[in-house]
Amino acid sequence: MTAAIEVVGVARSFRQSGGVFGADRIIRAVDGVSFAVESGTCLGIVGESGCGKSTLARLILGLLPTTAGEILVQGQRLSDMDRRARARLIQPVFQDPFSSLNPRRHIRDIVAMPLVAQGITGREQSARVDEMLTRVGLPGSIADRLPAQLSGGQRQRVAIARALVLRPRIVVCDEPTSALDVSVQAQILNLLAELQRELGLTYVFISHNLAVVEHISDRVAVMYLGRMVEQATTDDLFAAPKHPYTRALLASVLTPEPGLGVPDVGLGDLYPDPANVPPGCRFHPRCPIAEARCAVETPAPREIEGRRVECLLA
Amino acid sequence: MLEAPLAHLPLLDVSGLRVQFGETVAAVRGIDIQVRRGETHCLVGESGCGKSVSALAVMGLLARGAHRSADQMRFDGQDIQNLSSSALQKLRGDRMAMIFQEPMTSLNPAYTVGSQMAEVLSRHRGTTRRQGLERAAELLARVGITAPGLRLAQYPHQLSGGLRQRVMIAMALMCDPELLIADEPTTALDVTVQAQILRLLQTLQRELGLAILLITHDLGVVARIAHRVSVMYTGKVVETATAESLFAAPRHPYTQGLLACVPIPGKIKRGDPLGSIPGTVPRIAPGFQGCGFRDRCAHAMPSCAGPIPLRDDGLGHLHLCQLEAGFA
Numbered sequence: 001m002t003a004a005i006e007v008v009g010v011a012r013s014f015r016q017s018g019g020v021f022g023a024d025r026i027i028r029a030v031d032g033v034s035f036a037v038e039s040g041t042c043l044g045i046v047g048e049s050g051c052g053k054s055t056l057a058r059l060i061l062g063l064l065p066t067t068a069g070e071i072l073v074q075g076q077r078l079s080d081m082d083r084r085a086r087a088r089l090i091q092p093v094f095q096d097p098f099s100s101l102n103p104r105r106h107i108r109d110i111v112a113m114p115l116v117a118q119g120i121t122g123r124e125q126s127a128r129v130d131e132m133l134t135r136v137g138l139p140g141s142i143a144d145r146l147p148a149q150l151s152g153g154q155r156q157r158v159a160i161a162r163a164l165v166l167r168p169r170i171v172v173c174d175e176p177t178s179a180l181d182v183s184v185q186a187q188i189l190n191l192l193a194e195l196q197r198e199l200g201l202t203y204v205f206i207s208h209n210l211a212v213v214e215h216i217s218d219r220v221a222v223m224y225l226g227r228m229v230e231q232a233t234t235d236d237l238f239a240a241p242k243h244p245y246t247r248a249l250l251a252s253v254l255t256p257e258p259g260l261g262v263p264d265v266g267l268g269d270l271y272p273d274p275a276n277v278p279p280g281c282r283f284h285p286r287c288p289i290a291e292a293r294c295a296v297e298t299p300a301p302r303e304i305e306g307r308r309v310e311c312l313l314a
Numbered sequence: 315m316l317e318a319p320l321a322h323l324p325l326l327d328v329s330g331l332r333v334q335f336g337e338t339v340a341a342v343r344g345i346d347i348q349v350r351r352g353e354t355h356c357l358v359g360e361s362g363c364g365k366s367v368s369a370l371a372v373m374g375l376l377a378r379g380a381h382r383s384a385d386q387m388r389f390d391g392q393d394i395q396n397l398s399s400s401a402l403q404k405l406r407g408d409r410m411a412m413i414f415q416e417p418m419t420s421l422n423p424a425y426t427v428g429s430q431m432a433e434v435l436s437r438h439r440g441t442t443r444r445q446g447l448e449r450a451a452e453l454l455a456r457v458g459i460t461a462p463g464l465r466l467a468q469y470p471h472q473l474s475g476g477l478r479q480r481v482m483i484a485m486a487l488m489c490d491p492e493l494l495i496a497d498e499p500t501t502a503l504d505v506t507v508q509a510q511i512l513r514l515l516q517t518l519q520r521e522l523g524l525a526i527l528l529i530t531h532d533l534g535v536v537a538r539i540a541h542r543v544s545v546m547y548t549g550k551v552v553e554t555a556t557a558e559s560l561f562a563a564p565r566h567p568y569t570q571g572l573l574a575c576v577p578i579p580g581k582i583k584r585g586d587p588l589g590s591i592p593g594t595v596p597r598i599a600p601g602f603q604g605c606g607f608r609d610r611c612a613h614a615m616p617s618c619a620g621p622i623p624l625r626d627d628g629l630g631h632l633h634l635c636q637l638e639a640g641f642a
């Protein structure tokens, strides 16, 4: 198998203005991340808000330039590709189907937009739009409606149709079901899984919902303050998490099983600040098993039993 | 005055609650809610099912244009349906308090945490600002905020989401409420913080004997925190039971469908589809007859368009359906 995406030491920082008198602060949203996604598989990326997972999505999509490192898509450097070539290979599905669709455009035009950008017009364009709308389970009558006339689930189907109309190899889904109700979420997850099987797509699936990620991903990467602290196959990660942060995240999943009560996650109240990354292991202020050296030594990624973990104590 | 306190009666006792918006939308179509002291009652359902509107109706906080009616609305034995707005205002924030989903929009961005919290007490108890701030500091510490003195002087935007929700909870507790209505209190928070906030609510309930009416769409939250659960669909409570009974043996086809939609790590094989409910939620206008779920229900039959019986198993597990329990 070949890697559809290879990310090597990628970093991205932002400058946050400190106001008139304050000093500017540097926010390291993504801080040296490496991973690969095999063709036809799904990599789930999980983490709390502010961990850099959405910035990473935008880097992979080429919507943001990196400050360091390299992203290879199907063996080609992303930075060498022009926008059109990139769009043919890799497409996004975003969280909020209410703000990601132009409210003044008809559904047909929204789905056709990537084709227009590639210079595909006329009969071929409308045939591909119709085919794609059917493919994502929308009735043809919807093509002449506006986004406001659609339900949340229908809008997300439109967003998926738009992403797939160019027949890309890779789809980056950033919280694609977070704004949806559970019954609709299940429909969209089933659709994404079906499309992946039939079209051989590669997914990068970003979510804060671990149960959703477990269901759809082959591998899972856990992000914390801009780093990937653990990467493993989904089965390994959920069966025996190695990093204490992964353990806390898994413990906090509330499954509909009464009698188990609300777990004590044991992370304390210190919320991480990406502008003020702690020295040593960046998780140590919240870590329930931290030792003195964790505040000094920076853990390097280590391969343990087929997974990659960044923890001095793992 | 009665001799014995009405401890065995529900603290909140609402029956036949209806809310209509104009002539076109029937948001709540005759529901009963009871919450006892020390009990958490969860109102669960998908968006548009009327759960939030029900909570707002109980608090008398509906927007203008909404029409509310009920057979009965009692708080601690007292009728709150026909209460004057000033009498209701005295009750709200004092004996019954409410917290909302998005603490950033419910806190005033222009005032410090301390002055917003102190205002609650001065309004209901006529205390001084200093007394208010002391009480606020005490409660911030109570909800697990370190350095409460520092937080009192800060503005809402200076706090993280989890801290803001803790501030909201502390503010709701200023006057020692007996009933806390929480509308999606953890939906905007990270999972790790969600667990902390839910644990906090449980602790507060144990220590203060709070009655909690918790509104959520998250069945995981419901399973872990609820004593009783009411499942809402198209403005009706379609099933109500203890959490154990509901999750062990859901009886209404909608509840069964909803539970099948939730991915549970390790329970469903990857590659197998999740359960899902076909179709979409219908719009329900006033005068709608029969079961609101019948267009999406696999068990629907002609009689579903007629009156629907409320079935009771005699052990407090009720469901609104033509069918007896036991199919799946």
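Protein chains in written order, with this note's numbering: chain A, 1 to 314; chain B, 315 to 642.
All residues carry an ideal CB built from backbone N, CA and C; glycine is no exception.
(message) Could you check whether the segment 6-22 of chain A touches the segment 51-67 of chain A, counting it as contact only if at least three pairs of C-beta atoms, one from each stretch, sit closer than 8 angstroms?
(response) Yes: the two stretches touch, three or more of their Cβ pairs being nearer than 8 angstroms.
(request) Give the single residue among A:Thr233, A:Val111, A:His106, A:Phe21 whose Cα lies nearest to the Cα of A:Glu305. (result) For A:Glu305, the closest alpha carbon among the candidates A:Thr233, A:Val111, A:His106, A:Phe21 is that of A:Thr233.
(request) Just the C-alpha distance for A:Ile142 and A:Leu61, rounded to the nearest angstrom, thanks. (result) So the two alpha carbons sit approximately 28 angstroms from each other.
(message) Tell me the residue span of the beta strand (DSSP E) that contains A:Met228.
(response) That run of the beta strand (DSSP E) goes 227-233.
(message) Could you check whether the Cβ of A:Thr255 sits closer than 8 angstroms to any Cβ belonging to chain B?
(response) Proximity of A:Thr255 to chain B, defined by a Cβ-Cβ separation below 8 angstroms, is satisfied.
(request) Output, in chain order, the set of chain B residues within a Cβ distance shorter than 8 angstroms of A:Ser183. (result) Going along chain B in sequence order, the residues near A:Ser183 (Cβ under 8 angstroms) are Glu360, Gly571, Leu572, Cys575, Ser590, Ile591.
(message) Counting only beta-carbon separations shorter than 8 angstroms, does B:Leu512 have a partner in chain A?
(response) Taking CB atoms only, B:Leu512 has a neighbour in chain A less than 8 angstroms away.
(request) Below 7 angstroms CB to CB, which residues in the same chain sit around A:Gln187 once its five sequence neighbours on both sides are set aside? (result) Within the same chain, and ignoring the five residues on either side of A:Gln187 in sequence, the residues whose Cβ sits closer than 7 angstroms to its Cβ are Gly153.
(request) Please report how far the alpha carbon of B:Phe607 lies from the alpha carbon of A:Gly44, in whole angstroms. (result) Taken atom to atom, the span from the alpha-carbon of B:Phe607 to that of A:Gly44 is near 34 angstroms.
(request) Return the chain-ordered ranges of every beta strand (DSSP E) run that is complete within the segment 33-115 of chain A and spans a minimum of 3 residues. (result) 42-46, 68-73, 90-93, all fully within the segment 33-115 of chain A.
(request) Return yes when the Cβ of B:Ala340 is within less than 8 angstroms of the Cβ of B:Pro600, no when it is not. (result) Judged by their CB atoms, B:Pro600 and B:Ala340 are nearer to each other than the 8 angstroms cut-off.
(message) Alpha carbons only, please: which of B:Thr338, B:Ala486, B:Arg343, B:Thr594 is nearest the one belonging to B:Gln430?
(response) When only C-alpha atoms are compared, the closest one is B:Ala486.
(request) Spatial neighbours of A:Cys42 within its chain, please: CB distance less than 7 angstroms, with the 5 preceding and 5 following residues excluded, ordered by chain position. (result) Counting only Cβ-Cβ distances below 7 angstroms, and skipping sequence neighbours, we find Gln196, Tyr203, Phe205, Ile216, Ser217, Asp218.
(message) Against A:Ala143, what residues of chain B qualify as contacts under a CB-to-CB distance less than 7 angstroms, listed in chain order?
(response) The contacting residues do not exist; A:Ala143 stays about 18 angstroms from chain B at best.
(request) Starting from A:Ile216, trace the alpha helix (DSSP H) both ways and give me its first and last residue. (result) Looking at the DSSP string, the run of the alpha helix (DSSP H) that includes A:Ile216 is 210-216.
(request) Can you give me, in chain order, the residues of the segment 35-49 of chain A that have a beta carbon less than 8 angstroms from any beta carbon in chain B? (result) Residues of the segment 35-49 of chain A with a C-beta less than 8 angstroms from any C-beta of chain B: Glu48, Ser49, listed in chain order.
(request) Mind checking which residues open and close the beta strand (DSSP E) that includes B:Lys550? (result) Residues 550-556.
(request) Output the distance between the C-alpha atoms of A:Gly200 and A:Arg86, rounded to the nearest integer angstrom. (result) Their backbone Cα atoms lie some 18 angstroms apart in a straight line.
(request) Could you name the residues of the same chain whose beta carbon sits closer than 8 angstroms to that of B:Leu629, not counting the 5 residues immediately before and after it, in chain order? (result) Within its own chain, the residues whose Cβ lies closer than 8 angstroms to the Cβ of B:Leu629, once the five positions on either side in sequence are excluded, are Ser559, listed in chain order.
(message) Is B:Ser474 close to chain A? Criterion is C-beta to C-beta, closer than 8 angstroms.
(response) Yes, its Cβ sits closer than 8 angstroms to a Cβ of chain A.
(message) According to DSSP, simplified to helix, strand and coil, what is B:Val333?
(response) B:Val333 falls in the strand class under three-state DSSP.
(message) For A:Ala148, tell me which candidate among A:Arg123, A:Thr246, A:Phe98 has the shortest Cα-Cα distance.
(response) Considering only alpha carbons, the answer is A:Phe98.
(request) Name the one or two DSSP bridge partners that B:Val543 has. (result) Beta-bridge pairing links B:Val543 to B:Cys356, B:Ala555.
(message) Would A:Met223 and A:Gly119 be called neighbours here (beta carbons separated by less than 8 angstroms)?
(response) The answer is no: Cβ separation not under 8 angstroms.
(request) Mark A:Thr177 as exposed unless 16 or more other C-beta atoms lie within 10 angstroms of its C-beta, in which case mark it buried. (result) By the neighbour-count criterion, in which 16 or more other beta carbons inside 10 Å mark a residue as buried, A:Thr177 falls on the buried side.
(request) Look at B:Ser436 and B:Gly446 and say whether their C-beta atoms are less than 8 angstroms apart. (result) A contact, by the Cβ cut-off of 8 angstroms.
(request) Can you give me the Cβ contacts of A:Gln74 inside the same chain, cut-off strictly under 7 angstroms, excluding the 5 residues immediately before and after it? (result) Contacts found: Ala4, Leu89, Arg169.
(request) Compute the Euclidean distance between the alpha carbons of A:Gly19 and B:Glu360, then round it to the nearest angstrom. (result) A:Gly19 and B:Glu360 have their C-alpha atoms roughly 42 angstroms apart.
(request) Compare the C-beta of B:Gln468 with all C-beta atoms of chain A and state if any pair is closer than 8 angstroms. (result) With respect to chain A, the C-beta atom of B:Gln468 has no partner C-beta closer than 8 angstroms.
(message) Going by the DSSP bridge assignment, what does B:Ala340 pair with across the sheet?
(response) B:Ala340 is bridged by DSSP to B:Gln334.
(request) Assuming B:His381 and B:Asp408 form a contact by the criterion Cβ under 8 angstroms, report the distance between their Cβ atoms to the nearest whole angstrom. (result) The pair is not a contact, with the Cβ atoms about 26 angstroms apart (cut-off 8 angstroms).
(request) Would you mind working out which of B:Leu370, B:Phe561, B:Pro579, B:Arg520 sits nearest A:Asp209, comparing C-alpha positions? (result) The sequence given here has Asn at residue 209 of chain A, not Asp. Ranked by Cα distance from A:Asn209, the first of B:Leu370, B:Phe561, B:Pro579, B:Arg520 is B:Pro579.
(request) Starting from the C-beta of A:Tyr320, find all residues in its chain whose C-beta is less than 6 angstroms away, skip the five residues before and the five after it, and write them out in chain order. (result) Given a span of 1 to 314 for chain A in the structure shown, any question on residue 320 of chain A remains unanswerable.
(request) Can you give me the Cβ contacts of B:Pro301 inside the same chain, cut-off strictly under 8 angstroms, excluding the 5 residues immediately before and after it? (result) The requested residue 301 of chain B is not part of the displayed model; chain B covers only 315 to 642.
(message) Can you confirm whether B:Leu632, when its beta carbon is compared against all beta carbons of chain A, has any partner nearer than 8 angstroms?
(response) Answer no: the Cβ-Cβ gap between B:Leu632 and chain A never drops below 8 angstroms.
(message) Short of 7 angstroms Cβ to Cβ, which residues in the segment 607-634 of chain B face chain A?
(response) Cβ contacts with chain A: none found.
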